[in-house]
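Chemist: Take this structure first; my questions come after.
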Amino acid sequence: MDELPARLLRAALQYIVGRLRATPTPAKLQELVGGALPPDTAPVAARLAAGLAQADLAEAKATAGDIAGAAAAAWAAVKEFFAAAALLGVDATAAAKKAVDARPPGALVTRLGLEQPTATAAPDKVELAWARRDVRVALFRAGTIRLAVGLSDTGLRMSVRGGEVRIDLGERTDGVLKILVGAAGSAAADLELTVDHRGLTAGGSLGPIELPARLEAQVVDLEGMELALEPSGATVALTVRSRLAVDVAGVIGARVDGSGVRLVLDPGRILSGAPPFGEGAGAIVPVLPRGIGLSLSAGPVKGSGYLLVLPDGYGGVLDLVLGPVTVTAFGLLRSRGADGMSFVAVMSVSFAVPIELGLLFTLNAVGGIVGLGVTVDPAAISSGLKDGVLDRLLFPEDVRKAAPTILQTLGRVFPPRAGGFVIGPMLRLGWGRPVTLMTLDVAVLLAAPDPVMIVLGRARCVIPSESAAIIDLRAAVMAQVGRGIILLRAELYSSRIGFFSVYGGIGMLVRFGDDRTVVLSAGGFHPTYTRKPPELADLGRIGAEMSPPIGLQFRVQGYVALTPNTVQFGGSIELAYSVGVAAVRGGLTLDALIQFDPFGFEVDATARAHVEALGCSLFGVSLSLHLSGPSPWRVRGTGKVSLPWPLPDPSISFGPVQFGDASAPLPPPTVRPLALVAEALRDPRAWQRIDRQGVRSPVRLAALPDGALVIEPWGLVRASQRLAPLDMTLDRWGAASVQPAGCRLALSGAVKIGPDGPGRTDADHSAVAETFGVGQFMTLTKDAQLAAPEFEERTGGFAIDPADATTQAGVLRGFATDATMTYDDSWPGAPEKKRAGVGFFDLSGWARLVLEAGPAGATGLRIGDRYRADDLERRIAVRPVSETRVTDVRTGAVIAEFAPWTDAVHTASGALGGLAAMTKMAAT
């Protein structure tokens, strides 16, 4: 609890405890409340002693900060006080009033000039209430005010309720508010402040509350008022904000949103009886508006604008009509602290008379997007397609009215980023004459330095016209190329065909990098599929819904999805008909999941129907069926009949029933991976010449007549295969077993270049990564198979650097062929000559100088020193993969860190008792 509410409650508890301690004996009690002492005062003394003990407990708990416990103890003490007064013949209400009258509370009560309170007591609570008319505190003038303090089983509660509270908005304020409202402008409202176990609340709410205010000003219209409490340490700020609108002769209009005042409540001043909001210039602080809107209507020039004040900057919109042209712009300017500023703006120009392009196409508007110090967030666009995010970015309607929403969307889609830059054109096309039947909005965004291209599209088809549409289809489309993925996604939203509402989404994803995959989906995925890519995880079901005003409801939905290892499809049909208070409802659902490796499928189907009246089910039937297979086939099902209460609901179930050939089919012949991989590496097509990383050679050696591979001394040689991954434990080869079981293929030894003999030397070599579907080489459970990555990069071969091999000048011995290296110099349009097996052109002057000093003249075959001393480092970088850390789930100790995922699976499965967890780490 904040300090202000806690101090107020502690002060109230101290007053209550003080009044209880004023009656330590029966005689003191009689002196305070009156009545007659009984002949035996022992019961009265016992009650008072018990009350004092509870009072001491309340004081101790309050000192310790346990306000709730202190309030409970104080209520117990008060009940003992009332019980003792009852033994004297004085009821609880009279006892409470006499105790308060003997020593009324001061501070806030005195400051407000409140009279003696009314006291009411009941078995479950006691309450003191003060009331007064015409009270003024700072900017507030209340027609009536009521201060109440209540103590009960639920705790201690203090409240101040004001009726017809007049707030002087213009007093002690500056700027726009002062101009619009003036010093005499004020608004009236009813409000209540409460202090209880929740802290300080306004009108029962911890957040801002709307006040039904009425403004007393001549030219200003009060659209609303908001009151909020903002605790801050020892103080609480009471903030009053307003929404004001002004119209000057129908030409100029303004709207000020959020302007007001902030008053700081000081607990010390309240408890001492001083003005609760303090005094002087610092007691009341003007609050700047959150936004300012302006409108103009002057002949051919019409428009409106809105400026939004943000915590870190400003946002604004502008909509201006200049004759036949409408200019719309909105943007954000934000501060990023030490990183400087970020800026993004969207601007468009619309034509009242579209420009004809031919074939019934028209150009309706053009525009663009530019941002500096920002990037683009594709996830924010993708997740908002079905919510109309493009309606707020591409040529939005009525930008002034929707300004806060538009600017919020702009900030979410274009978050700040140091060094970022975004730019892209927009255009709006129309089709159809004389009525436009279709409009298409398109924007192409380019973002740097992390390059990505995003194409945004919004289409709408209306037939026969927008004012009398029978068909109204709206679609939002997004395409992304870059940042490791190719993504295409489209959503149908707010669309209908006749009486049917239609909706749904489709998407295609191609992801590169460590978690490669290809996914195509229309309507989403199977409910139990766990590897939904986040870019498509929230795709909506494709469906249609009809609810004509005759009591009939009909809905149909469906989906189909393709992944590298699964096919998924399913759907549902729902039908309902209602007449008055009665209704009949029913539905069918189907979900199917087919997995390729290992092959299997699951099908779930349900059917249900029930009759209801007054919202309660009278009779219902539901059936479900699960089928999986093959080898063997398994089926199970359940059925249930729902009857009215108190009748039981009978149910049946069967299965799982197994039929078909339960024995596993004959496995394919055992595979020896070593022989297959070795044969693949002997294939000449597995060998190729490649450039060094980041360095493209300016010279190419001519191919040999027999087509043998030429090893260039300034390039690399790559040998790779995609049959099976190397450096990985192989449990199986598709459906076949491997020999030997659990084998692991690896490259070992050195690469030799040159003729046999003492001069033969080793060459540098490095591993080459290839992409494999690792699931077909591992024995996994069904759940693990679905959770495994679709593709993974593993070693598939090696790359050779022959730079340091010492061989005869001009001659390299490859793996199959001896050859003399030749080169061809080319120069367009020059006569060709031949010399000693070398083709060249007879050039003179500067052309020969350029050729000799160019790339060809610098080759190792022209000069003795093939490599300069400052040649680039010839290391072959291997693409990084994500690491998977394996930990003991009992102790949290790291067992091992592996790259990639498949090796971690084997390690985790071999952990003691299988108690291991796998955590994917970021790529390094």
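The working numbering numbers the first residue of the sequence shown as 193 and each following residue consecutively. Beta carbons are placed, not taken as given, at the ideal position from N, Cα and C, and that holds for glycine.
Is the segment 321-339 touching the segment 280-290 in the sense that three or more CB pairs, one from each, lie closer than 8 Å?
Modeler: Touching, no, given that fewer than three Cβ pairs across the two stretches are closer than 8 Å.
Chemist: Which of helix, strand or coil does DSSP assign to Arg666?
Modeler: Counting from 1 along the sequence shown, the entry for residue 666 is found at position 474. It is a strand residue.
Chemist: Taking only the alpha-carbon atoms, compute the straight-line gap between Ala275 and Leu224 and give it to the nearest angstrom.
Modeler: Along the sequence shown, read from residue 1 onward, the residue named residue 275 stands at position 83. Along the sequence shown, read from residue 1 onward, the residue named residue 224 stands at position 32. Straight-line Cα distance between these residues: approximately 15 Å.
Chemist: Assign Trp1165 to one of two classes, buried (16 or more other C-beta atoms within 10 Å of its C-beta) or exposed (fewer than that).
Modeler: Limits of the chain in this structure are 193 at one end and 1116 at the other, which puts residue 1165 out of reach.
Chemist: Give a yes or no on whether the C-beta atoms belonging to Arg433 and Ala420 are separated by under 9 Å.
Modeler: The residue you call residue 433 lines up with position 241 of the sequence shown. The residue you call residue 420 lines up with position 228 of the sequence shown. Against a cut-off of 9 Å, the Cβ pair of Ala420 and Arg433 comes out as a contact.
Chemist: Can Ser764 and Gly750 be called in contact, C-beta distance under 9 Å?
Modeler: As a working note, residue 764 is residue 572 in the sequence shown. As a working note, residue 750 is residue 558 in the sequence shown. Contact flag set, yes.
Chemist: If I'm right that Leu586 touches Met618 with Cβ under 8 Å, what's the distance once you round it to whole angstroms?
Modeler: Your numbering for residue 586 matches position 394 in the sequence shown. Your numbering for residue 618 matches position 426 in the sequence shown. So it is a contact: roughly 6 Å between Cβ atoms.
Chemist: Have a look at Leu555 and Gln760 and give me their C-alpha separation to the nearest angstrom.
Modeler: Within the sequence shown, numbered from 1, the residue matching residue 555 stands at position 363. Within the sequence shown, numbered from 1, the residue matching residue 760 stands at position 568. Between Leu555 and Gln760, the C-alpha separation is close to 42 Å.
Chemist: Work out the CA separation of Pro836 and Val803 for me, nearest whole Å.
Modeler: The count along the sequence shown starts at 1 and reaches residue 803 at position 611. The count along the sequence shown starts at 1 and reaches residue 836 at position 644. One C-alpha to the other measures close to 10 Å.
Chemist: Cα-Cα, which of Arg733, Asn757, Ala872, Gln222 is closest to Phe291?
Modeler: Here the question's residue 291 lines up with position 99 in the sequence shown. Checking the sequence, you will find Ala at residue 291 rather than Phe. Considering only alpha carbons, the answer is Gln222.
Chemist: Please report the Cβ distance between Ala247 and Ala254, rounded to the nearest whole angstrom; I am assuming they are in contact, meaning their Cβ atoms lie under 8 Å.
Modeler: Position 55 of the sequence shown, counting from 1, holds the residue named residue 247. Position 62 of the sequence shown, counting from 1, holds the residue named residue 254. Not quite, the Cβ-Cβ distance comes to about 11 Å (not below 8 Å), so this is no contact.
Chemist: When you compare the CB positions of Leu637 and Gly622, do they come within less than 9 Å of one another, or not?
Modeler: Your numbering for residue 637 matches position 445 in the sequence shown. Your numbering for residue 622 matches position 430 in the sequence shown. No; because the gap between Cβ atoms is not below 9 Å, this pair is not in contact.
Chemist: So who's on the other strand from Leu339, going by DSSP bridges?
Modeler: What you label residue 339 is simply residue 147 of the sequence shown in a count that begins at 1. Answer by DSSP bridge pairing, in chain order: Trp322, Val352.
Chemist: Taking the alpha carbon of Gly831 as the point to measure from, which residue in Leu582, Thr798, Val562, Gln308 has its own alpha carbon closest?
Modeler: Looking up residue 831 in the sequence shown gives position 639. Checking every option, the nearest Cα to that of Gly831 belongs to Thr798.
Chemist: Whole angstroms are fine: how far does the CA of Val902 sit from the CA of Ala895?
Modeler: The sequence position of residue 895 within the sequence shown is 703, counting from 1. The sequence position of residue 902 within the sequence shown is 710, counting from 1. The alpha-carbon atoms of Ala895 and Val902 are separated by roughly 7 Å.
Chemist: Arg826 lies in the beta strand (DSSP E); which residues open and close that run?
Modeler: The residue you call residue 826 lines up with position 634 of the sequence shown. Residues 825-834.
Chemist: Contact check, Gly505 vs Arg592 under 8 Å by CB: the rounded distance?
Modeler: Residue 505 sits at position 313 when you count from the first residue of the sequence shown. Residue 592 sits at position 400 when you count from the first residue of the sequence shown. Between Arg592 and Gly505 the Cβ distance is about 19 Å, and since that is not below 8 Å, they are no contact.
Chemist: If you draw a straight line from the alpha carbon of Val1097 to that of Glu727, how long is it in whole angstroms?
Modeler: Counting from one through the sequence shown, the residue named residue 1097 turns up at place 905. Counting from one through the sequence shown, the residue named residue 727 turns up at place 535. In a straight line, the C-alpha of Val1097 is about 26 Å away from that of Glu727.
Chemist: Starting from Gln880, trace the beta strand (DSSP E) in both directions and tell me its first and last residue.
Modeler: Within the sequence shown, residue 880 is the residue found at index 688, counting from 1. Gln880: member of the beta strand (DSSP E) spanning 879-882, first to last residue.
Chemist: For Ala928, is the classification buried or exposed, using 16 other Cβ atoms within 10 angstroms of its Cβ as the cut-off for buried?
Modeler: Translated into the one-based positions of the sequence shown, residue 928 becomes position 736. The residue is exposed, with fewer than 16 neighbouring Cβ atoms inside 10 Å.
Chemist: Grab me the residues of Ser843's own chain with a C-beta within less than 8 Å of its C-beta, minus the 5 sequence neighbours each way, in chain order.
Modeler: Taking the sequence shown and counting its residues from 1, the one referred to as residue 843 is at position 651. Cβ-Cβ distances below 8 Å link Ser843 to Thr830, Gly831, Lys832, Val833 in the same chain, with the five nearest sequence neighbours on each side left out; the list follows chain order.
Chemist: Can you look up Pro725 in the DSSP assignment and give me helix, strand or coil?
Modeler: Your numbering for residue 725 matches position 533 in the sequence shown. Reduced to three states, the DSSP call for Pro725 is coil.
Chemist: Can you round the beta-carbon distance between Gly674 and Val644 to whole angstroms, since I take them to be within the 8 Å contact cut?
Modeler: In the sequence shown, the residue the question calls residue 674 occupies position 482. In the sequence shown, the residue the question calls residue 644 occupies position 452. Their Cβ separation, rounded to whole angstroms, is 3 Å, which keeps Gly674 and Val644 in contact under 8 Å.
Chemist: Since Asp796 is in the beta strand (DSSP E), which residue starts that stretch and which ends it?
Modeler: Here the question's residue 796 lines up with position 604 in the sequence shown. Element bounds for Asp796: 792-805.
Chemist: Measure the CB-CB distance between Val930 and Asp923 and report whether it falls below 9 Å.
Modeler: By 1-based counting over the sequence shown, the position of residue 930 is 738. By 1-based counting over the sequence shown, the position of residue 923 is 731. For the pair Val930 and Asp923, the CB atoms are nearer than the 9 Å cut-off.
Chemist: For Leu343 versus Ala266, is the C-beta spacing smaller than 9 Å?
Modeler: If you number the sequence shown from 1, residue 343 lands on position 151. If you number the sequence shown from 1, residue 266 lands on position 74. Their beta carbons are under 9 Å apart, which means Leu343 touches Ala266 by this criterion.
Chemist: Mapping DSSP to helix, strand and coil, what is Leu868?
Modeler: By one-based count along the sequence shown, residue 868 stands at place 676. Note: Leu868 maps to helix in three-state DSSP.
Chemist: Sorted by chain position, which residues of the same chain lie with C-beta nearer than 7 Å to Phe691's C-beta, five sequence neighbours on each side aside?
Modeler: Along the sequence shown, read from residue 1 onward, the residue named residue 691 stands at position 499. Correct list, in chain order: Met738, Pro740.
Chemist: Any idea which residues DSSP pairs Trp925 with across the strands?
Modeler: Within the sequence shown, residue 925 is the residue found at index 733, counting from 1. Per DSSP, Ala928.
Chemist: Could you tell me the boundaries of the alpha helix (DSSP H) in which Pro235 lies?
Modeler: Counting from one through the sequence shown, the residue named residue 235 turns up at place 43. Element bounds for Pro235: 234-255.
Chemist: Determine the burial state of Ile992: buried for a count of at least 16 other Cβ atoms within 10 Å of its Cβ, exposed for fewer.
Modeler: What you label residue 992 is simply residue 800 of the sequence shown in a count that begins at 1. Per the 10 Å Cβ criterion, buried.
Chemist: Considering only their Cβ atoms, is the gap separating Ala219 from Leu229 smaller than 9 Å?
Modeler: Taking the sequence shown and counting its residues from 1, one reaches residue 229 at position 37. Taking the sequence shown and counting its residues from 1, one reaches residue 219 at position 27. Between Leu229 and Ala219, the CB-CB gap stays under 9 Å.
Chemist: Which residues mark the beginning and the end of the beta strand (DSSP E) in which Glu737 is found?
Modeler: Sequence index remark: in the sequence shown, residue 737 carries index 545 (1-based). Segment 734-738, the beta strand (DSSP E) holding Glu737.
Chemist: Measure how close the beta-carbons of Ala668 and Leu599 come, nearest whole angstrom, since I'm counting them as under 8 Å.
Modeler: Within the sequence shown, residue 668 is the residue found at index 476, counting from 1. Within the sequence shown, residue 599 is the residue found at index 407, counting from 1. No, Ala668 and Leu599 are not in contact; Cβ-Cβ is about 20 Å, not under 8 Å.
Chemist: I need the DSSP call for Phe969, collapsed to helix, strand or coil.
Modeler: The residue you call residue 969 lines up with position 777 of the sequence shown. In the structure shown, Phe969 sits in a helix (DSSP, three-state: H, G or I).
Chemist: For a quick check, are the C-beta atoms of Thr567 and Phe606 less than 9 Å apart?
Modeler: Position 375 of the sequence shown, counting from 1, holds the residue named residue 567. Position 414 of the sequence shown, counting from 1, holds the residue named residue 606. Yes, they are a contact pair.
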